[in-house]
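A short write-up of the structure that comes next.
In our numbering, the protein residues as written are 23 to 187.
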């Protein structure tokens with residue numbers, strides 16, 4: 023026991039305390055979390071040219087002839103190549119853990135879907151071109167899609183890239 027006490031005193035006397043000048047030094051947490059000088063992806067896209075949103079949803083529906091539970095995760099990414107050109111990619115993962123329609127229905131609906139892969143090119147102030155691909159199982163194909171006088175492409179109008187961070 024005497025040896026343990028002597029070793030404890032020697033070890034504790036070797037340990038150094040905190041200097042008082044370190045106590046008055048301000049802690050800068052923001053520099054570790056937020057850094058504007060982040061590199062770009064192969065020199066093509068910087069952080070300010072990329073925007074990503076995530077959403078998750080759970081639903082349960084019942085009908086006169088059956089019921090179904092559905093879970094979905096959606097990732098939406100915006101790439102701004104220039105002031106006139108952008109690419110929007112929207113991917114979803116769907117899963118139906120329970121339904122009364124059988125296993126074949128679950129096999130058909132479960133999986134990864136490209137909800138929207140869209141390229142927008144602004145030719146002039148009054149004219150833009152939009153190319154779009156979708157393989158969503160719940161997509162509604164209307165012959166008038168995008169031709170509504172109230173339709174506005176969110177990239178060119180009220181774009182999240184226009185605001186200052």
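Even glycine gets a Cβ: it sits at the ideal position worked out from N, Cα and C.
Thinking C-beta only, is residue j closer than 8 Å to residue i?
{"i": "residue 138", "j": "residue 110", "result": "yes"}
{"i": "residue 143", "j": "residue 107", "result": "yes"}
{"i": "residue 131", "j": "residue 118", "result": "yes"}
{"i": "residue 88", "j": "residue 128", "result": "no"}
{"i": "residue 74", "j": "residue 83", "result": "no"}
{"i": "residue 113", "j": "residue 97", "result": "yes"}
For the beta strand (DSSP E) holding residue i, just list the boundary residues, first then last.
{"i": "residue 85", "result": "Looking at the DSSP string, residue 85 is not in any beta strand (DSSP E), and its letter there is neither H nor E."}
{"i": "residue 150", "result": "149–155"}
{"i": "residue 46", "result": "Unbroken run through residue 46: none, as it is neither H nor E."}
{"i": "residue 141", "result": "133–146"}
Given residue i, which residues of its chain have a CB within under 6 Å of its CB, disregarding the five upstream and five downstream residues?
{"i": "residue 260", "result": "This structure leaves residue 260 out entirely; the chain is present only between 23 and 187."}
{"i": "residue 120", "result": "91"}
{"i": "residue 76", "result": "97"}
{"i": "residue 78", "result": "95"}
{"i": "residue 185", "result": "Residue placement at residue 185 is poorly supported in this model, since its pLDDT is 43, which falls under 50; the coordinates are not used for a value here."}
Please identify the residue among the options whose C-alpha is closest to the C-alpha of residue i.
{"i": "residue 103", "options": "140, 71, 145, 51", "result": "71"}
{"i": "residue 153", "options": "69, 49, 141", "result": "141"}
Closer than 7 Å by C-beta to residue i: which residues in its own chain qualify, once you throw out the five before and the five after it? Chain order, please.
{"i": "residue 80", "result": "93"}
{"i": "residue 24", "result": "none"}
{"i": "residue 148", "result": "none"}
Excluding the 5 residues preceding and the 5 following residue i in the sequence, name in chain order all residues of the same chain whose CB lies nearer than 8 Å to its CB.
{"i": "residue 105", "result": "144"}
At which residue ranges does the region 91–124 contain complete beta strand (DSSP E) runs of 3 or more residues, listed in the order of the chain?
-> 107–121
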